[in-house]
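Heads up: the sequence shown begins at 35 in my numbering, then just goes up one per residue.
Presented below is the structure to which this report refers.
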Amino acid sequence: MAYEPWSLADLADRIAAEDGVDRRYKLVLEFVRGYLDEPVSTRGALLSRRPSLIGDPGWDAVVAGLADHYAFHDEQPPPTWTSEPERFCFPPFLPVDNLGVRVMARVHSPAGFLRHGVLLMPEDLQPV
Numbered sequence: 035m036a037y038e039p040w041s042l043a044d045l046a047d048r049i050a051a052e053d054g055v056d057r058r059y060k061l062v063l064e065f066v067r068g069y070l071d072e073p074v075s076t077r078g079a080l081l082s083r084r085p086s087l088i089g090d091p092g093w094d095a096v097v098a099g100l101a102d103h104y105a106f107h108d109e110q111p112p113p114t115w116t117s118e119p120e121r122f123c124f125p126p127f128l129p130v131d132n133l134g135v136r137v138m139a140r141v142h143s144p145a146g147f148l149r150h151g152v153l154l155m156p157e158d159l160q161p162v
């Protein structure tokens, strides 16, 4: 069976089925790994389909932040679903279980994530 990269819609479904920050964040990194392995010409399809809401404002904002962040870096417009009110989180959400990075993340978070109220360091997006 050939490997198929996850779309953001697939990622949202997987996050919704998991509990715990660590496990959910590992799923995000799995998406990032697959996304970055794809040719830029096919990546847009992984972002375009509207994901179901997870039901957790922070994680719904993470998914939208991923779409904004990678669309920007691939020089594409963000999908329209990223502007839905349910895709924004306040107070800001820190998806990694490390409160020590909160202040630094406010300064260094990529714009696509800040827009949605998600705080993380750029290196937190690096798959291991």
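We put the beta carbon where it would ideally sit given N, CA and C, even for glycine.
To the nearest angstrom, report how far apart residue i and residue j are at their CA atoms.
{"i": "residue 158", "j": "residue 147", "result": "12 Å"}
{"i": "residue 127", "j": "residue 153", "result": "6 Å"}
{"i": "residue 77", "j": "residue 83", "result": "12 Å"}
{"i": "residue 64", "j": "residue 44", "result": "11 Å"}
{"i": "residue 121", "j": "residue 75", "result": "26 Å"}
For the candidate residues the options, whose alpha-carbon lies nearest to that of residue i?
{"i": "residue 116", "options": "99, 141, 155, 127", "result": "99"}
{"i": "residue 123", "options": "63, 90, 68", "result": "90"}
{"i": "residue 62", "options": "47, 134, 137, 121", "result": "47"}
{"i": "residue 73", "options": "38, 55, 52, 95", "result": "38"}
{"i": "residue 108", "options": "55, 156, 44, 69", "result": "69"}
{"i": "residue 129", "options": "41, 81, 57", "result": "57"}
{"i": "residue 151", "options": "142, 92, 138", "result": "92"}
Please classify residue i: does DSSP put it in a helix, a strand, or coil?
{"i": "residue 96", "result": "helix"}
{"i": "residue 130", "result": "coil"}
Going by other Cβ atoms of all chains shown within 10 Å of its Cβ, with 16 needed for buried, is residue i buried or exposed?
{"i": "residue 97", "result": "buried"}
{"i": "residue 59", "result": "buried"}
{"i": "residue 111", "result": "exposed"}
{"i": "residue 119", "result": "exposed"}
Does any residue of chain C bring its CB to less than 9 Å from the CB of residue i?
{"i": "residue 44", "result": "Going by chain labels, chain C is absent from the structure shown, which holds only one protein chain."}
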